[in-house]
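Numbering (my numbering), first residue to last: 40 to 150. By construction, the Cβ of each residue, glycine as well, lies at the ideal position given by its N, Cα and C atoms. Note that the coordinates shown come from a computational prediction; the quantities given were computed from them, not determined experimentally. Right, one structure below, let's go through it.
Structure below.
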């Protein structure tokens, strides 16, 4: 999937064939926040995406609100306690923190 990136935000690129329009939304935000943009060309889409991100950041600053970037780098998962124990033991055997160990394992799968 192709995406747009700007100031730590990631946006989708989608097409509406009937209207000959490109559109998208900023990905990875909280459920209450929706940022959309559109354009007739890829250049217009990118410019509207950047403008939408800038408007969002400005709105948050003016209203003293925290703003959320796409994919903060932190997420929680629920796993069985037995699996948690095995992962923790593997991390200890590798001589790294649980967080570092999980980063390595995930990176080896998706990168």
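| Asked | Found |
| --- | --- |
| Validate contact between the stretch 105-116 and the stretch 54-73 using beta carbons, cut 8 Å, 3 pairs | yes |
| For residue 47, the residue or residues it bridges with in DSSP | Partner(s): none; residue 47 has no beta bridge. |
| Where the beta strand (DSSP E) through residue 89 begins and ends | Premise fails: residue 89 lies in the alpha helix (DSSP H), 81-101, not in any beta strand (DSSP E). |
| Any 3 or more C-beta pairs closer than 8 Å across the stretch 70-78 and the stretch 122-130 | no |
| Residue 96 versus residue 121: straight-line alpha-carbon distance, rounded | 43 Å |
| Sub-8 Å separation of residue 61 and residue 78 beta-carbons | yes |
| Bridge partner(s) assigned by DSSP for residue 57 | Answer is none; residue 57 lacks a bridge partner. |
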